[in-house]
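Enquirer: Numbering (the working numbering), first residue to last: 12 to 421. Each residue gets a CB set at the ideal place from its N, CA and C atoms; glycine is no exception. Since this is a predicted model, take the numbers as computed values, not measurements.
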């Protein structure tokens, strides 16, 4: 129950269509129409439905459990039924034994083709009956937060299978379509609101360093003989949203701000202090230099981090410490997917004397963190698509060279 207690992880999803205006009785009642029935699975497969999020069997979608100001907090329950292959084979063998007659035994124990087919049918019926009774069922719960104010959904859903279940459930419940929002999608929403969609369409990955030697060598061996001037960012291309590279440049920009500009970023709404700590995952956007994973206190200060930047690698995941609005947050952000994990919130106040009040405070803190994160990304996009970006890109490139030179001097 990460939204209700513990650390928080989530990905962002946009909603096409009209979510309820608030968490009223009607909106909550719709959740109760889409729950997993006790005998909802009669064969191997997947069944999904809503639960309150307190536990997988709780379907009391009352305001006190799921309704909050501008939000609905619940969970998606997913039941997966699959009979273990050894049990299925055992049932077939047992059914064959039951059909074996004395004449069959006298003839060597063999069964006719029809008898074997009927035995398989008996075993299949037994498997289905036991699935209906709840056997061989694995039940999981995924917390879901409907942000009714911003028309978005936050949930720790990353796999295609889980997303398919969540998308279908949201559509059948509220008649809305759900779509993933990785870094490129979030940027598209922001740029569209600014009337700058064409600028985003023309965006290409930035080259903060010269191409790696292997890229140059390959180009010389090719017919064109010209090395690529910009990285391809293979993970963004493979993810289906080429503009996801903006999330990685965003992380590099945060890293540069944290080191070269004392780590304070003046967003449009609030100054945000940024520190990079504990986690640095980097990968070569040119597709030749591999990847590296650094862990520990201040990993950006390590020689490995300096070498990675100098080799042209980009951050894919960073551990962040953010301070704004008098609150501090610690999390890990995967830039291209714009996915938050391990978000640590401040403890609830002494005034929160009930579980309900504790959850309200946590949701307020999550909302504050998310607004700070979005504010940072919006500020980055203003720079990235502003007239001063070529100069800023050059500053980041020089910073990479300078920190490498400083390491050599030491």
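Taking the DSSP output, what are the residues bridged to residue 292?
Expert: Numbered from 1 along the chain shown, position 281 holds the residue referred to as residue 292. According to DSSP, which records beta bridges pairwise, residue 292 is partnered with 304 and 328.
Enquirer: Which runs of the beta strand (DSSP E) spanning at least 3 residues fall entirely within the region 113 to 196, listed in chain order?
Expert: Qualifying beta strand (DSSP E) stretches, in chain order: 148 to 158, 163 to 166 and 188 to 191.
Enquirer: Below 8 Å, can you find three or more Cβ-Cβ pairs linking the region 207 to 219 to the region 389 to 396?
Expert: yes
Enquirer: Under the DSSP definition of a beta bridge, which residues are partnered with residue 61?
Expert: By one-based count along the chain shown, residue 61 stands at place 50. 87.
Enquirer: For residue 10, does the three-state DSSP call read helix, strand or coil?
Expert: Here the chain has residues from 12 to 421 only, and residue 10 is not among them.
Enquirer: What span of residues does the beta strand (DSSP E) with residue 22 cover, start to end?
Expert: Stepping through the chain shown from its first residue, residue 22 is reached at position 11. Unbroken beta strand (DSSP E) run through residue 22: 19 to 27.
Enquirer: Using only CA atoms, which one of 187, 146 and 312 lies nearest to residue 164?
Expert: As a position in the chain shown, residue 164 is number 153, starting the count at 1. Minimum Cα distance to residue 164 is reached at 187.
Enquirer: In the DSSP assignment, find the alpha helix (DSSP H) that holds residue 248 and state where it starts and stops.
Expert: The residue you call residue 248 lines up with position 237 of the chain shown. Element bounds for residue 248: 245 to 249.
Enquirer: Going by DSSP, which residues form a beta bridge with residue 335?
Expert: Counting from one through the chain shown, the residue named residue 335 turns up at place 324. Answer by DSSP bridge pairing, in chain order: 338.
Enquirer: May I ask you to report which of helix, strand or coil DSSP gives residue 14?
Expert: Translated into positions along the chain shown, residue 14 becomes position 3. In the structure shown, residue 14 sits in coil (DSSP, three-state: anything other than H, G, I, E or B).
Enquirer: By alpha-carbon positions, which one of 334, 232, 413 and 381 ends up nearest to residue 320?
Expert: Here residue 320 refers to the residue found at position 309 of the chain shown. Of 334, 232, 413 and 381, the residue nearest in Cα terms is 413.
Enquirer: From the DSSP output, which residues share a beta bridge with residue 350?
Expert: Start at 1 with the first residue of the chain shown, and residue 350 comes out as number 339. Per DSSP, 345.
Enquirer: Tell whether a beta-carbon distance below 8 Å holds between residue 217 and residue 404.
Expert: Along the chain shown, one-based indexing puts residue 217 at 206. Along the chain shown, one-based indexing puts residue 404 at 393. Against a cut-off of 8 Å, the Cβ pair of residue 404 and residue 217 comes out as a contact.
Enquirer: Do residue 258 and residue 193 have their C-beta atoms closer together than 8 Å?
Expert: Taking the chain shown and counting its residues from 1, one reaches residue 258 at position 247. Taking the chain shown and counting its residues from 1, one reaches residue 193 at position 182. Yes, Cβ-Cβ distance for residue 258 and residue 193 is below 8 Å.
Enquirer: Of all the options 52, 61 and 306, which has the alpha carbon lying nearest to the alpha carbon of residue 181?
Expert: Taking the chain shown and counting its residues from 1, one reaches residue 181 at position 170. Nearest C-alpha to residue 181: 61.
Enquirer: Quick test of the definition: if touching needs 3 or more C-beta pairs under 8 Å, does the region 349 to 369 touch the region 16 to 31?
Expert: yes
Enquirer: Three-state secondary structure (DSSP) at residue 275?
Expert: The residue given as residue 275 occupies position 264 in the chain shown. DSSP places residue 275 within a strand segment (E or B) once states are collapsed to three.
Enquirer: Hey, would you say residue 84 sits closer than 8 Å to residue 156, going by beta carbons?
Expert: Residue mapping note: residue 84 aligns to position 73 of the chain shown, counting from 1. Residue mapping note: residue 156 aligns to position 145 of the chain shown, counting from 1. In contact: residue 84 and residue 156 (Cβ atoms closer than 8 Å).
Enquirer: Taking the C-alpha atoms as reference points, what is the distance between residue 226 and residue 323?
Expert: Residue 226 sits at position 215 when you count from the first residue of the chain shown. Residue 323 sits at position 312 when you count from the first residue of the chain shown. Rounded to whole angstroms, residue 226 to residue 323 spans 11 Å at the Cα level.
Enquirer: Rounded to the nearest angstrom, how far is the Cβ of residue 303 from that of residue 310, given a contact under 8 Å?
Expert: The count along the chain shown starts at 1 and reaches residue 303 at position 292. The count along the chain shown starts at 1 and reaches residue 310 at position 299. So it is not a contact: roughly 10 Å between Cβ atoms.
Enquirer: Since residue 354 and residue 380 should fall inside the 8 Å C-beta cutoff, what is the C-beta to C-beta distance between them, to a whole number of angstroms?
Expert: Sequence index remark: in the chain shown, residue 354 carries index 343 (1-based). Sequence index remark: in the chain shown, residue 380 carries index 369 (1-based). Residue 354 to residue 380, Cβ: 7 Å. Contact.
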